[in-house]
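Q: Below is the structure I would like to discuss, written out as structure tokens.
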Amino acid sequence: MPDIDSVNISLPSLLDEVFAKFSPRASKENIGELLVELDALLSSRVVQAALQLLDYQNIVIYHNSSKTQQIAEINEGYRHGTLKLVRLFPRINYCTCDNFQQQVVGNQTNPSTAPYTCEHVLALRLAVLLESDKLRYEELPAHKLKTLFSRFLPDNVIDD
Ligand SMILES: [Zn+2]
1 MPDIDSVNIS
11 LPSLLDEVFA
21 KFSPRASKEN
31 IGELLVELDA
41 LLSSRVVQAA
51 LQLLDYQNIV
61 IYHNSSKTQQ
71 IAEINEGYRH
81 GTLKLVRLFP
91 RINYCTCDNF
101 QQQVVGNQTN
111 PSTAPYTCEH
121 VLALRLAVLL
131 ESDKLRYEEL
141 PAHKLKTLFS
151 RFLPDNVIDD
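This is the structure:
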């Protein structure tokens with residue numbers, strides 16, 4: 001395994017390279033190889049948690065008719081009686097979950113040891129790459145999509 005400090009410098013591009021390498025031919029046959037490479041780049045906790053999400057949870061990508069606007073929703077099931085939904089944007093390394101906020105964004109004192117991403121971002125990328133049967137696409141009318149987007153973005157970003 002490469003030295004951690006040198007990995008973090010170019011981790012986003014290395015991760016993109018790994019995904020590009022396995023795209024579009026990722027399959028049941030070479031997923032093992034893909035996971036080994038991901039494990040080398042990311043923490044095992046993130047990789048394992050992402051795989052669990054893929055195994056047990058459903059992911060929906062809501063989109064407009066042209067698919068130029070997309071927002072994903074990962075259903076994590078019920079925790080303490082409330083349904084836990086995590087929303088994120090495909091292809092963007094950002095998540096509202098506690099792990100991302102506390103460990104990726106929040107670790108400013110020692111950024112070189114901060115994890116690069118969370119299990120939701122990784123699970124979504126893997127689901128798209130592997131065309132997982134847990135992933136489905138659903139077209140939404142513009143006003144409903146706008147409502148979903150408005151929970152993330154300042155109003156002026158989503159003018160249509
Ligand atoms: Zn997350």
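First residue of the sequence shown: 1, per full-length UniProt numbering; consecutive thereafter.
Backbone N, C-alpha and C define an ideal beta-carbon position, used for all residues, glycine too.
Is any heavy atom in ligand 1 found nearer than 7 angstroms to the beta carbon of Asn93?
A: In the sequence shown, counting from the first residue as 1, residue 93 sits at position 93. Every heavy atom of ligand 1 is 7 angstroms or more from the Cβ of Asn93, so no.
Q: Anyone know if the C-beta pair for Cys118 and Val104 falls short of 8 angstroms?
A: Indexing the sequence shown from 1 puts residue 118 at position 118. Indexing the sequence shown from 1 puts residue 104 at position 104. Cβ atoms of Cys118 and Val104: closer than 8 angstroms.
Q: Could you tell me which residues DSSP puts in a beta bridge with Glu139?
A: For the purposes of this step, residue 139 is identified with residue 139 of the sequence shown, where counting begins at 1. For Glu139, which the question treats as bridged, DSSP gives the partners His63.
Q: Count the other C-beta atoms from every protein chain shown that fall within 10 angstroms of the C-beta of Leu34, then say buried if there are 16 or more, exposed otherwise.
A: The count along the sequence shown starts at 1 and reaches residue 34 at position 34. That one is buried.
Q: At which residues does the beta strand (DSSP E) containing Gly77 begin and terminate?
A: Looking up residue 77 in the sequence shown gives position 77. Taken as a continuous stretch (DSSP letters only), the beta strand (DSSP E) holding Gly77 covers 70–79.
Q: My output table needs one value for Lys84: the three-state DSSP class, helix, strand or coil.
A: Within the sequence shown, residue 84 is the residue found at index 84, counting from 1. Lys84 falls in the strand class under three-state DSSP.
Q: Along the alpha helix (DSSP H) that carries Val104, what are the first and last residues, could you check?
A: Within the sequence shown, the letter at position 104 stands for residue 104. Segment: none, Val104 is in no alpha helix (DSSP H) and carries neither H nor E.
Q: How many angstroms separate the CA atom of Glu76 from the CA atom of Ala123?
A: The residue you call residue 76 lines up with position 76 of the sequence shown. The residue you call residue 123 lines up with position 123 of the sequence shown. Taking the straight line from one Cα to the other gives about 12 angstroms.
Q: Can you look up Ser150 in the DSSP assignment and give me helix, strand or coil?
A: Position 150 of the sequence shown, counted from the start, is the residue given in the question as residue 150. Correct three-state label for Ser150: helix.
Q: Considering Cα atoms alone, identify which of Gln69, Phe149, Phe22 is closest to Tyr137.
A: Locating residue 137 in the sequence shown gives position 137, counting from the first residue. Checked all of Gln69, Phe149, Phe22; the closest Cα to Tyr137 is Gln69.
Q: From Ser13 to Leu130, what distance separates their C-alpha atoms?
A: Here residue 13 is taken as the residue at index 13 of the sequence shown, counted from 1. Here residue 130 is taken as the residue at index 130 of the sequence shown, counted from 1. Ser13 and Leu130: Cα-Cα distance of roughly 20 angstroms.
Q: Return the chain-ordered list of same chain residues with a C-beta closer than 7 angstroms to the C-beta of Ile158, the five sequence neighbours on each side being excluded.
A: Indexing the sequence shown from 1 puts residue 158 at position 158. Bear in mind that the predicted position of Ile158 carries a pLDDT of just 44, short of 50, making it unreliable; the figure below should be weighed with that in mind. If we look at Ile158 and ignore the five residues flanking it on each side, its Cβ neighbours are Lys146, Phe149, Ser150.
Q: Assuming Ile61 contacts Leu15 under a Cβ cut-off of 8 angstroms, what Cβ separation, rounded to an integer in Å, is found between them?
A: Reading the sequence shown from its first residue, position 61 is the one you call residue 61. Reading the sequence shown from its first residue, position 15 is the one you call residue 15. So it is not a contact: roughly 20 angstroms between Cβ atoms.
Q: Is the beta carbon of Ile59 less than 8 angstroms from the beta carbon of Ala49?
A: Locating residue 59 in the sequence shown gives position 59, where the first residue counts as 1. Locating residue 49 in the sequence shown gives position 49, where the first residue counts as 1. Against a cut-off of 8 angstroms, the Cβ pair of Ala49 and Ile59 comes out as no contact.
Q: Which value, in whole angstroms, describes the spacing of the CA atoms of Phe100 and Thr109?
A: As a first step, residue 100 must be located in the sequence shown, where it is residue number 100. As a first step, residue 109 must be located in the sequence shown, where it is residue number 109. Cα to Cα, the separation comes out at about 15 angstroms.
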